[in-house]
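In what follows, a single structure is set out as structure tokens and then discussed.
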Amino acid sequence: MGRQHVEQIAKQLEVLYPGDAKTLCALHFETPFQLLVATVLSAQTTDAAVNAATHVLFARYPTPQELAIADIANVAEIVYSTGFYRTKANRIVELAGQIVDRYQGEVPEQLEELTTLPGVGRKTANVVRSVCFGLPGLPVDTHVARLSNRLGLSSSQNAEVIEQELCGLLPESRWGSFSLQLILHGRRICRARTPSCFRCELAPSCDSAPASVR
DNA sequence: ATCCCGAGGG
DNA sequence: CCCTCTGGAT
């Protein structure tokens with residue numbers, strides 16, 4: 001691996017998917033609270049499904065104050081198509097309540113505070129930090145984990161270990177955008193089952209690409 | 001390790 | 001028809 005290996009990859013990703021974390025984020029939102037909710041809903045579903053649900057959800061419950069007192073069954077109906085709908089409906093209503101009660105309606109910025117909220121794990125907390133607040137945070141989801149392994153940036157299967165290793169390889173200013181760039185590349189080219197190495201721009205610097213395309 | 005859970009892609 | 005999707009809590 002080494003520094004040069006990462007820099008080569010990071011540089012190519014910047015060309016392929018230009019922009020900062022906020023620009024690259026595919027989730028629709030107006031406020032930090034809305035991004036937090038959208039990210040909780042994004043578990044095991046597509047961003048398109050989340051955006052369709054939040055379009056309706058935020059029209060009816062735009063603020064934590066309003067979502068906190070929402071009818072759970074109605075919320076479940078709205079988020080139904082994102083999957084895990086009972087769990088998600090309960091989580092986001094409870095989440096809204098805690099934001100109101102514990103944080104005066106304002107989403108906290110510290111990772112340790114964010115991860116105490118229901119439905120908010122390390123990945124979600126880092127999304128909010130990097131996309132919304134412009135703070136250092138490198139979300140590791142299934143795409144980031146898979147591409148990090150394939151590219152030879154980490155050999156760990158543990159998301160938190162991968163996060164630490166990637167953070168050590170990149171400047172803080174690139175943490176958020178790098179994560180989103182890996183996600184976009186994972187969706188377009190480096191898919192889980194059928195990676196298109198033959199048309200991958202990163203193949204020359206990828207440990208896992210077949211020799212024929214490097 | 002298992003559960004939550006629908007929808008679209010390959 | 002199987003797999004995967006911007007996971008988190010128990």
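Everything in the first sequence is counted per the UniProt record's numbering, starting at 1 for the first residue and increasing by one. The beta carbon of each residue, even a glycine, is placed where N, CA and C say it ideally should be.
Do you know how far the Cα of residue 68 is from the Cα of residue 94?
As a working mapping, residue 94 is identified with position 94 in the first sequence. As a working mapping, residue 68 is identified with position 68 in the first sequence. Taking the straight line from one Cα to the other gives about 7 Å.
Mind the definition here: the segment 58 to 72 touches the segment 22 to 36 only if three or more C-beta pairs lie below 8 Å; say whether that holds.
Yes, since at least three Cβ pairs between the segment 58 to 72 and the segment 22 to 36 fall closer than 8 Å, the two stretches touch.
Please report the residue range of the alpha helix (DSSP H) in which residue 47 lies.
Residue 47 sits at position 47 when you count from the first residue of the first sequence. 47 to 60 is the span of the alpha helix (DSSP H), which, as asked, contains residue 47.
Where do the N-terminal and C-terminal ends of the alpha helix (DSSP H) with residue 85 fall, by residue?
Walking along the first sequence from the start, residue 85 turns up at place 85. Counted as a single uninterrupted DSSP element, the alpha helix (DSSP H) harbouring residue 85 occupies residues 85 to 103.
Using the Cα positions of residue 53 and residue 91, report the straight-line distance between them to the nearest angstrom.
As a first step, residue 53 is located in the first sequence; it is residue number 53 there, counting from the start. As a first step, residue 91 is located in the first sequence; it is residue number 91 there, counting from the start. Whole-angstrom Cα-Cα distance: 15 Å.
In chain order, what are the residue ranges of uninterrupted beta strand (DSSP E) at least 3 long that sit wholly in the segment 96 to 152?
none
Thinking C-alpha only, which one of 175, 73, 162, 194 is nearest residue 24?
As a position in the first sequence, residue 24 is number 24, starting the count at 1. Considering only alpha carbons, the answer is 175.
Under the three-state reduction of DSSP, which class applies to residue 214: helix, strand or coil?
Position 214 of the first sequence, counted from the first residue, corresponds to residue 214. Residue 214 falls in the coil class under three-state DSSP.
When you compare only the Cα positions, how much space is there between residue 192 and residue 147?
Taking the first residue of the first sequence as position 1, residue 192 is located at position 192. Taking the first residue of the first sequence as position 1, residue 147 is located at position 147. Whole-angstrom Cα-Cα distance: 9 Å.
Hey, how far is the Cα of residue 202 from the Cα of residue 12?
Position 202 of the first sequence, counting from 1, holds the residue named residue 202. Position 12 of the first sequence, counting from 1, holds the residue named residue 12. Looking at the two C-alpha atoms, the distance is approximately 7 Å.
Alpha helix (DSSP H) containing residue 167: first to last residue?
Mapped onto the first sequence, residue 167 falls at position 167. Note, residue 167: alpha helix (DSSP H), 159 to 169.
Quick one: any contact between the segment 152 to 171 and the segment 68 to 82, if contact means 3 or more CB pairs under 8 Å?
no
Terminal residues of the continuous alpha helix (DSSP H) containing residue 172?
On the first sequence, position 172 is the one that residue 172 refers to. Per DSSP, residue 172 belongs to the alpha helix (DSSP H) from 172 to 188.
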